[in-house]
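Asks:
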Amino acid sequence: MSEVTIIINEQPITVPAGTTILTAARDVGIEIPTLCHDPEVSRYGGCRLCVVEVAGWGSLPAACVTEVRPGMVIETESARVLEARRTILELLLANHPEDCLTCEKTGACALQDYAYRYGVRRGAFLGERQNHPVEADNPFIVRDMNKCILCGKCVRVCSEVVGRSAIDFSHRGFRARIATALDEGLQQSGCVFCGSCLEVCPVGALTGKQRRGKGRPWEMTSVTTTCPYCGVGCQLK
Ligand code: FES
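With the sequence shown counted from 1, adding 1069 to any position gets you the working numbering.
#1: Mind checking whether the beta-carbon of S1291 lies closer than 8 angstroms to any heavy atom of the ligand ADP?
#2: With a threshold of 16 other CB atoms inside 10 Å of the CB of D1107, please say whether the residue is buried or exposed.
#3: Determine, using beta carbons only, whether E1167 and R1191 come nearer to each other than 9 angstroms.
#4: Report yes or no: do the segment 1233-1249 and the segment 1150-1162 share at least 3 C-beta pairs separated by less than 8 angstroms?
#5: Within the same chain, show all residues whose beta-carbon is closer than 7 angstroms to that of L1161, passing over the 5 residues directly before and after it, in chain order.
#6: At the level of alpha carbons, what is the spacing between A1235 and Y1187?
#7: Counting along the chain, where does the beta strand (DSSP E) carrying A1248 start and finish?
#8: In angstroms with no decimal places, state the Cα-to-Cα distance between A1131 and G1140.
#9: In chain order, which beta strand (DSSP E) runs of at least 3 residues are fully inside the segment 1121-1170?
#10: Measuring CB to CB, does V1110 end up less than 9 angstroms from D1096?
#11: Start and end of the alpha helix (DSSP H) containing L1275?
#12: Can you tell me whether DSSP reads I1090 as helix, strand or coil?
#13: Would DSSP call D1107 helix, strand or coil?
#14: Which of the three DSSP states is assigned to D1237 in this structure?
#15: Using 8 angstroms as the cut-off, classify the Cβ of C1227 as near or not near the heavy atoms of the ligand FES, replying yes or no.
#16: Does the distance between the C-beta of A1094 and the nearest non-hydrogen atom of the ligand FES fall short of 8 angstroms?
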């Protein structure tokens, strides 16, 4: 396999052709923030938080979907990159409930972590906000689409890893959200309540009903148990 040599943050790196900038950077310990990237599912490039600066390129490419090219000189934390990331976080927070103190995901929320890291305290843009009813009409999963950042990780893990495709993107633009095929509850969809979507959700849009109010994620231990729901006896975490 051919190899490509690039420079990231003044550090020369040689990686196999086809490697993304994100993977090349992480291989040498350079952290680039991500919200929609998950190595277990297909590339998406939707959130744009992973943008980096490439010398000679006018735009800032998303590191998670841009493959290395010979001679690339990349900066992952330039002033332009930092400004872009702050703006992206402000845009996400402009349409996000400000209930971090009581949110089930607080302390384990990637959006919250990055907002602190990049000094973004709240959304800088005023305007209409999503106002969806919280869905909790099933035994396991609470869906709060007001907190969803449309990273699509739940959609991809459900179709590509679990093989169910119980959920997908629905509507467009400001109305875009994640929904079941007929926009019914999860129980009426093909969802098997495996919990994979909960595991990959970076924010508080999907939370486990059984865990709610029982403590913060870092206070809990994950164990394998038998699902009590339909009698098949699936093993769950
Ligand atoms: Fe790269 Fe979302 S992590 S675009």
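C-beta: ideal position from N, C-alpha, C; glycine also.
Replies: In short:
#1: The ligand ADP is absent from the structure shown, which contains only the ligand FES.
#2: What you label residue 1107 is simply residue 38 of the sequence shown in a count that begins at 1. With 16 or more other Cβ atoms within 10 Å, it is buried.
#3: Taking the first residue of the sequence shown as position 1, residue 1167 is located at position 98. Taking the first residue of the sequence shown as position 1, residue 1191 is located at position 122. Closer than 9 angstroms, so yes.
#4: no
#5: Numbered from 1 along the sequence shown, position 92 holds the residue referred to as residue 1161. Short of 7 angstroms from the beta carbon of L1161, and not among the five residues preceding or following it, lie these beta carbons of its own chain, in chain order: L1180, I1218.
#6: Start at 1 with the first residue of the sequence shown, and residue 1235 comes out as number 166. Start at 1 with the first residue of the sequence shown, and residue 1187 comes out as number 118. Taking the straight line joining both Cα atoms gives about 35 angstroms.
#7: To locate residue 1248, count along the sequence shown from 1; it is residue 179. Taken as a continuous stretch (DSSP letters only), the beta strand (DSSP E) holding A1248 covers 1246-1249.
#8: Position 62 of the sequence shown, counted from the first residue, corresponds to residue 1131. Position 71 of the sequence shown, counted from the first residue, corresponds to residue 1140. About 18 angstroms.
#9: 1142-1144
#10: Numbered from 1 along the sequence shown, position 41 holds the residue referred to as residue 1110. Numbered from 1 along the sequence shown, position 27 holds the residue referred to as residue 1096. No; because the gap between Cβ atoms is not below 9 angstroms, this pair is not in contact.
#11: Residue numbering aside, residue 1275 sits at position 206 when the sequence shown is read from its first letter. Looking at the DSSP string, L1275 is not in any alpha helix (DSSP H); the run it does join, the beta strand (DSSP E), is 1275-1277.
#12: Residue numbering aside, residue 1090 sits at position 21 when the sequence shown is read from its first letter. Of the three classes helix, strand and coil, the one that applies to I1090 here is helix, per DSSP.
#13: Within the sequence shown, the letter at position 38 stands for residue 1107. Here D1107 sits in coil by DSSP.
#14: For this step, residue 1237 is matched to residue 168 along the sequence shown. DSSP places D1237 in strand when its eight states are reduced to three.
#15: As a first step, residue 1227 must be located in the sequence shown, where it is residue number 158. For the ligand FES, not one heavy atom lies less than 8 angstroms from the Cβ of C1227.
#16: By one-based count along the sequence shown, residue 1094 stands at place 25. No, the ligand FES has no heavy atom inside 8 angstroms of this Cβ.
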